[in-house]
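Numbering (our numbering), first residue to last: 8 to 312.
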Amino acid sequence: MTRQHLHRSTLTVIQTQAPGRTENCQIGVFAAYATTRGHALVDRELYLPKSWTDDRDRCRAAKIPDERTFATKGELARTVIARALASPLPIAWVTADAAYGQDSHFRHFLEAACLSYVVAVPKSQPAGGPRIDHLFSQAPPEAWQRLSAGHGAKGERYYDWAAAHLPSACESDGNMPTSRRWVLARRSITKPDDIAYYLAHAPLEATIADLVRVAGCRWKIEECFQSAKNECGLDHYEVRRYVGWYRHITLAMLAHAYLAVMAGHERQKGASNGTRPTSWTSHQPRFAVYWQLDPAIVPSTPVTS
8 MTRQHLHRST LTVIQTQAPG RTENCQIGVF AAYATTRGHA LVDRELYLPK SWTDDRDRCR
68 AAKIPDERTF ATKGELARTV IARALASPLP IAWVTADAAY GQDSHFRHFL EAACLSYVVA
128 VPKSQPAGGP RIDHLFSQAP PEAWQRLSAG HGAKGERYYD WAAAHLPSAC ESDGNMPTSR
188 RWVLARRSIT KPDDIAYYLA HAPLEATIAD LVRVAGCRWK IEECFQSAKN ECGLDHYEVR
248 RYVGWYRHIT LAMLAHAYLA VMAGHERQKG ASNGTRPTSW TSHQPRFAVY WQLDPAIVPS
308 TPVTS
């Protein structure tokens with residue numbers, strides 16, 4: 008996608024979860040579209056386990072088409088994103104939770120589609136060598152900066168963030184580098200042991216503030232679910248058939264998107280800081296990375312370690 012949308016549009020992918028007990032439920036893979044003017048759910052796919060797709064009589068009873076075969080949640084997510092790319096929506100970034108972020112096929116799909124991403128990963132995720140949590144355990148104290156991941160119900164969502172370029176990963180167009188891969192960590196201010204980890208792939212002009220903003224967009228889909236349930240009855244159904252699920256979910260999403268567009272007309276467009284980050288190399292005995300700082304909130308003198 009074109010780079011002029013760097014600060015404007017993010018596609019967020021998530022799956023709805025079963026409640027942790029035996030109940031009638033459906034598991035869906037959803038996508039939300041977020042810009043500086045608002046956000047809304049834009050696509051959905053119903054996940055069907057093999058216990059269903061392998062039983063064609065059961066599928067026919069639930070009006071599931073014969074051509075609907077088993078697909079993993081990652082495959083459904085790629086289908087949803089491919090449809091978004093085929094639409095008029097301008098898309099620059101994708102974010103997703105760890106269920107998708109840890110899937111290398113999902114990340115490679117995004118890179119092949121020329122999409123930048125910030126995706127959550129588990130602490131055991133390899134990061135160009137060591138586990139990502141082991142990598143960040145070597146970060147010097149100066150590598151952590153307090154940044155907002157966006158505005159929430161209680162104000163700005165501040166966390167301590169650390170980021171680094173992976174030494175392996177620069178993609179190029181001919182002889183000119185165009186993008187690079189990052190690792191990113193978000194640490195709770197009140198609970199320092201609570202750390203979330205991310206892998207990112209971004210254009211060269213992207214800053215840490217961009218990565219943090221995109222990571223924060225992951226919460227937009229939760230806000231979409233909350234408002235779509237409260238205002239549009241997204242979860243007010245007891246359907247037992249495939250067609251009924253898609254009809255109800257699609258109509259609720261359409262109503263929610265309409266409300267989001269109307270509300271967006273009342274908001275002003277946001278502005279982003281386009282400054283470039285500074286960096287330094289910390290002492291890494293076995294694996295060297297360049298820890299990054301956002302110059303907007305650090306002194307002009309470079310930080311060294």
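Quick reminder that beta carbons are idealized off the backbone N, C-alpha and C, glycines included.
Computed from a prediction, not measured in an experiment: that's the story for all the values here.
Between W189 and A171 a beta carbon distance of about 7 Å is seen, short of the 8 Å cut, so the two are scored as contacting. Sequence-distant partners of T257 (beyond 5 residues in either direction) whose C-beta falls short of 8 Å from its own C-beta, in its chain, are R51.
The continuous beta strand (DSSP E) containing R51 extends over residues 45-54.
From the listed residues M260, P210, R65, the smallest Cα separation to Y249 is found for R65. Comparing C-alpha distances from V246 to each of A264, L53, V101 shows the shortest one belongs to L53.
F77 has its alpha-carbon roughly 9 Å from the corresponding atom of S58.
The region 160-168 and the region 231-239 do not touch, with fewer than three beta-carbon pairs separated by less than 8 Å. Here the alpha carbons of L211 and P184 stand approximately 8 Å from one another. Around the beta carbon of M260, 16 or more other beta carbons sit within 10 angstroms, so the residue counts as buried. Rounded to the nearest angstrom, the Cβ distance from D140 to Y204 is 7 Å, consistent with a contact under 8 Å.
By the C-beta density criterion, I88 is buried, having at least 16 other C-beta atoms within 10 angstroms. For Y265, the enclosing alpha helix (DSSP H) starts and ends at 249-271. By DSSP's assignment, D167 forms a beta bridge with R153, R194. By the CB criterion at 8 Å, V128 and L48 fall outside the cutoff. Looking at the DSSP output, R138 sits in a beta bridge with P133. By the Cβ neighbour-count rule, A99 is buried, with 16 or more other Cβ atoms within 10 Å of its own. Just measuring C-alpha positions, the residue of L266, W298, K70, T19 sitting nearest V101 is T19. Counting the other CB atoms within 10 Å of its CB gives G223 a total of 16 or more, which places it among the buried residues.
Comparing alpha-carbon positions, the option among I215, A262, Y253, P56 lying closest to C239 turns out to be A262. Within the model, the alpha-carbon separation for A264 versus G157 is close to 21 Å.
Sequence-distant Cβ neighbours of G45 in its own chain, meaning closer than 8 Å and more than five residues away, are A267, V268, A270, G271, R274. The C-beta separation of V36 from L83 comes to about 4 Å, placing the pair in contact by the 8 Å criterion.
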